[in-house]
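K.L.:
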Amino acid sequence: MHPLNWAIVIAYLLYVSIDGIRRAKGTSKLDGYFLGNRNLPWWVVGLSVMATQLSAVTMIGTTGQGAVDGMRFVQFYFGLPIALVILGVTIVPFLHRAKVYTAYEFLERRFDAKTRSLTSFLFLLSRGLSCGTIIAAPAVVFSAIFGWPMLWSVALIGVPTVLYTMIGGVQAVAWTDVKQIILVISAVVAVVVVLLIRIPVSPDAALHLAGAVGRLRVFDFSFNLHETYTFWSGVIGGTFLMLSYFGTDQSQVQRYLTAKTVDEARSSHLISAYWKIPLQALILMVGVLVFVYYVFVMPPMYFNPAQGAAVQRANPAAYTQLEREHAAAWVGRERAAMALTVTPDSTSRDAFRASERELARVRTEALAQAEKVTGAPPVDVNYIIPRFVLAELPLGLAGVFIAAVMAAAMSAVAGELASLSSTTVIDFYKRWVRPEADDAHYLRISRAATGAWGIFACAVATFAATLGSLIEVVNRFGSFFYGSILGVFLLAMVPRTRANGAFFGLIAGLASVALVSVGAPSVSYLWYNVVAALTVVAAGLLLSAWTPRPRAHA
Amino acid sequence: MNGEGTKSAPFRRVLVRVLVAEVVVLLLLWLLQQRYTV
Chain A
214 MHPLNWAIVI AYLLYVSIDG IRRAKGTSKL DGYFLGNRNL PWWVVGLSVM
264 ATQLSAVTMI GTTGQGAVDG MRFVQFYFGL PIALVILGVT IVPFLHRAKV
314 YTAYEFLERR FDAKTRSLTS FLFLLSRGLS CGTIIAAPAV VFSAIFGWPM
364 LWSVALIGVP TVLYTMIGGV QAVAWTDVKQ IILVISAVVA VVVVLLIRIP
414 VSPDAALHLA GAVGRLRVFD FSFNLHETYT FWSGVIGGTF LMLSYFGTDQ
464 SQVQRYLTAK TVDEARSSHL ISAYWKIPLQ ALILMVGVLV FVYYVFVMPP
514 MYFNPAQGAA VQRANPAAYT QLEREHAAAW VGRERAAMAL TVTPDSTSRD
564 AFRASERELA RVRTEALAQA EKVTGAPPVD VNYIIPRFVL AELPLGLAGV
614 FIAAVMAAAM SAVAGELASL SSTTVIDFYK RWVRPEADDA HYLRISRAAT
664 GAWGIFACAV ATFAATLGSL IEVVNRFGSF FYGSILGVFL LAMVPRTRAN
714 GAFFGLIAGL ASVALVSVGA PSVSYLWYNV VAALTVVAAG LLLSAWTPRP
764 RAHA
Chain B
73 MNGEGTKSAP FRRVLVRVLV AEVVVLLLLW LLQQRYTV
């Protein structure tokens with residue numbers, strides 16, 4: 214990478230670290246450290262919520278998915294505005310008025326300590342690991358592209374983030390998030406503009422090319438429980454997932470607890486409600502346009518340079534043969550694309566589709582060869598955008614984009630670390646180990662917990678090198694617990710639910726996810742949330758009906 | 073959006089606006105699909 218691009222990346226890292234640490238003012242008490250003294254403006258909270266949700270996986274994985282699979286992934290977010298609307302009138306006012314530090318603290322007030330502890334333990338388990346994957350996503354790609362050891366890439370993202378989160382607490386996280394989301398959106402918009410300028414046909418013709426091979430197919434109305442991204446899985450499964458994520462996941466709850474009033478907490482969610490789907494569509498569009506760009510500019514056979522080099526070393530003859538076939542297939546596709554642009558009829562459309570299938574066949578063969586040589590499943594999709602950025606973007610903009618990928622990773626990781634730390638300290642340390650101590654003591658423990666979770670996340674990231682499509686891994690892992698946790702919070706709103714009903718209902722929910730995840734019955738992972746939440750509610754209500762009402766003490 | 077959900081506007085009206093905005097966005101995506109996917 215050019216020194217100017219490096220300078221931009223380093224300047225960004227320095228700025229964000231200093232800015233985060235500067236925000237440590239006013240965090241000498243737990244309220245300041247974990248909740249920003251409940252005094253952050255609604256728009257800061259709202260942008261911070263968006264930034265936490267948008268990780269480097271989105272910048273690398275989602276854009277790559279747009280290039281190979283088109284726009285249909287956007288259906289995943291269709292339930293989000295619906296979920297935020299429901300939360301605005303249910304859980305948000307409930308938790309905000311309860312004046313709690315964590316969402317799980319509320320569960321002890323409503324049920325008992327064991328329900329609180331199991332729920333917060335499940336949160337720590339899933340978020341602790343997913344925090345590692347969030348760092349791993351860009352780190353794997355940076356390592357392959359720049360030829361660094363994995364540890365360097367992990368440290369570059371992890372160390373500044375852990376540092377400013379540890380020192381500045383949630384206030385530092387929220388204010389740096391604002392700058393990071395602005396950087397991310399600016400970088401995405403700039404890349405779209407550059408792509409539209411560089412693609413040698415009109416935007417309309419470019420979209421016709423993408424549409425001809427299904428890249429602009431957004432909606433799939435089939436009701437297929439095995440298909441991951443359909444309109445129905447997005448609206449129904451997605452609503453349950455987002456209800457759980459925004460309503461009960463401490464990384465999100467902590468954010469709206471920092472708002473001044475219930476109304477400001479609700480307003481902060483409206484930013485995501487209005488803008489999340491358009492933003493995701495724009496991010497997928499980057500991938501779609503990169504696909505069109507590579508119709509006219511020959512793409513590398515392997516976007517992951519490490520895999521290309523491995524195949525070339527192990528089997529030079531096969532590599533040369535594949536490269537020849539790849540070049541021929543690409544030339545065929547480019548000619549077919551030009552023909553379709555000049556004469557947009559069904560014959561040239563069919564010819565373009567056939568040429569696209571031929572190129573896809575060669576690429577599949579090349580990836581199979583890489584898998585044979587390296588023994589690891591090839592995840593070329595995550596390398597498409599970084600390779601494009603480094604090779605094709607104008608000087609300076611590549612640095613901005615790499616900084617934006619880091620910003621996306623850092624904002625997501627910082628939010629997770631703050632929430633992991635608050636849950637560890639409030640729900641475990643303060644609850645079970647040392648209930649009576651002064652704020653200074655808890656603050657020291659909180660900072661230590663943030664640091665310890667940061668080190669844990671970096672260690673997980675260093676070893677999470679080969680993970681399939683990273684975005685699905687993170688979402689899939691969340692779906693194992695999200696639905697069950699949501700079920701417990703739903704039960705909390707039903708007055709007749711008893712503590713044992715909630716606790717054993719939660720266990721029944723986890724068992725139901727274990728069953729469907731091993732295929733009895735088999736459903737796609739977005740439906741896990743629906744299955745688990747409904748099981749928890751049904752089992753919890755049934756068990757509560759059998760449990761005798763506790764006698765009122767005289 | 074500024075002030076929505078705060079005291080100046082009843083929250084129910086805001087909720088309707090969010091849902092209308094989502095329908096509009098989905099409609100635009102559907103039109104994009106219809107125009108370019110043959």
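Heads up: the sequence lines are chains A and B, in that order. Counting from 214, one number per residue, gives the positions in the first sequence under our numbering. Counting from 73, one number per residue, gives the positions in the second sequence under our numbering. Quick reminder that beta carbons are idealized off the backbone N, C-alpha and C, glycines included. For clarity, every value in this text was computed on a predicted model and none was experimentally measured.
Against residue 90 of chain B, what residues of chain A qualify as contacts under a CB-to-CB distance less than 8 Å, listed in chain order?
P.N.:
By Cβ distance, chain A contributes 294, 297, 298, 483, 486, 487.
K.L.:
Just to confirm, is the Cβ distance from residue 664 of chain A to residue 379 of chain A under 7 Å?
P.N.:
yes
K.L.:
Grab me the residues of residue 748 of chain A's own chain with a C-beta within less than 6 Å of its C-beta, minus the 5 sequence neighbours each way, in chain order.
P.N.:
For residue 748 of chain A, the CB contacts under 6 Å within the same chain, skipping 5 residues up- and downstream, are 721, 722, 725 in chain order.
K.L.:
Using the beta-carbon count (16 or more within 10 Å), is residue 94 of chain B buried or exposed?
P.N.:
buried
K.L.:
Starting from the C-beta of residue 804 of chain A, find all residues in its chain whose C-beta is less than 8 Å away, skip the five residues before and the five after it, and write them out in chain order.
P.N.:
Shown here, chain A extends from 214 to 767; a query on residue 804 of chain A therefore has no answer.
K.L.:
Using a C-beta to C-beta distance shorter than 9 Å, which residues of chain A count as neighbours of residue 99 of chain B?
P.N.:
Ordered by position in chain A, no residue passes the 9 Å Cβ test against residue 99 of chain B, which lies about 11 Å from the chain.
K.L.:
Looking at chain B, which residues of the stretch 300-329 of chain A have a Cβ within less than 8 Å of any of its Cβ atoms?
P.N.:
301, 302
K.L.:
Would you verify that the beta carbon of residue 684 of chain A is, or is not, closer than 7 Å to some beta carbon of chain B?
P.N.:
Low per-residue confidence applies at residue 684 of chain A: pLDDT is 49, beneath 50, and the placement is therefore not dependable enough to give any value.
K.L.:
Below 6 Å, is the gap between the Cβ of residue 754 of chain A and the nearest heavy atom of the ligand COA?
P.N.:
Of the ligands one can find in the structure shown there are none, so the ligand COA has no counterpart to examine.
K.L.:
Under a Cβ-count criterion, where at least 16 other Cβ atoms within 10 Å of its own Cβ denotes burial, should residue 479 of chain A be classed as buried or exposed?
P.N.:
buried
K.L.:
Please tell me whether residue 681 of chain A has its Cβ less than 7 Å away from any Cβ of chain B.
P.N.:
Note that residue 681 of chain A scores 49 on pLDDT, short of 50, meaning its location in the model is unreliable; the coordinates nonetheless yield the value given after this. Judged by the 7 Å Cβ criterion, residue 681 of chain A is not in contact with chain B.
K.L.:
Would you kindly check if the distance between the Cβ of residue 443 of chain A and the Cβ of residue 435 of chain A is under 7 Å?
P.N.:
It is a contact, given that the beta carbons lie within the stated cut-off.
K.L.:
Taking C-beta to C-beta, are residue 542 of chain A and residue 571 of chain A nearer than 7 Å?
P.N.:
yes
K.L.:
Are the CB atoms of residue 496 of chain A and residue 275 of chain A nearer to each other than 7 Å?
P.N.:
yes
K.L.:
Looking only at C-alpha atoms, which of A/587, A/715, A/399 sits nearest to residue 321 of chain A?
P.N.:
Checking every option, the nearest Cα to that of residue 321 of chain A belongs to A/715.
K.L.:
In the stretch 408-434 of chain A, which residues sit with their C-beta less than 8 Å from some C-beta in chain B, listed in chain order?
P.N.:
420, 421, 423, 424, 425, 427, 429, 430, 431, 432
K.L.:
Using the beta-carbon count (16 or more within 10 Å), is residue 241 of chain A buried or exposed?
P.N.:
exposed
K.L.:
Going by the CB atoms, is the gap between residue 454 of chain A and residue 252 of chain A shorter than 7 Å?
P.N.:
no
K.L.:
Considering only residues of the stretch 263-292 of chain A, which uninterrupted alpha helix (DSSP H) runs meet the minimum length of 4 residues and lie entirely inside it, listed in chain order?
P.N.:
Counting only runs that start and end inside the stretch 263-292 of chain A, the alpha helix (DSSP H) elements of at least 4 residues fall at 276-282.
K.L.:
I'd like to confirm the pairing. Which residues does DSSP put opposite residue 403 of chain A in its beta bridges?
P.N.:
Beta-bridge pairing links residue 403 of chain A to no other residue.
K.L.:
So which residues on chain B does residue 262 of chain A lean against when the C-beta distance must stay under 9 Å?
P.N.:
Residues of chain B passing the Cβ test: none, with the nearest at roughly 14 Å.
K.L.:
Taking the alpha-carbon positions, what's the residue 740 of chain A to residue 566 of chain A distance?
P.N.:
Straight-line Cα distance between these residues: approximately 33 Å.
K.L.:
Would you grab the beta carbon distance between residue 579 of chain A and residue 514 of chain A for me? Rounded to a whole angstrom, and I think it's under 8 Å.
P.N.:
5 Å
K.L.:
If you drop the 5 nearest sequence neighbours on each side, which residues of the same chain put their C-beta closer than 6 Å to that of residue 218 of chain A?
P.N.:
Excluding positions up to five away in sequence, the list reads 611, 612.
K.L.:
According to the neighbour-count rule (16 or more other Cβ atoms, all chains shown, within 10 Å of its Cβ), is residue 169 of chain A buried or exposed?
P.N.:
Residue 169 of chain A lies beyond the residue range present for chain A, which begins at 214 and ends at 767; the question has no answer from this structure.
K.L.:
Can you check the stretch 320-380 of chain A for any alpha helix (DSSP H) of at least 4 residues that lies completely inside it and give the ranges in chain order?
P.N.:
Listed in chain order, they are 326-359.
K.L.:
Once DSSP output is grouped into helix, strand and coil, what is the label at residue 589 of chain A?
P.N.:
The answer is coil: DSSP assigns residue 589 of chain A none of H, G, I, E or B.
K.L.:
Would residue 105 of chain B pass as a contact of residue 502 of chain A if the rule is Cβ separation under 7 Å?
P.N.:
no
K.L.:
What are the partner residues of residue 472 of chain A, as DSSP defines its beta bridges?
P.N.:
A/253
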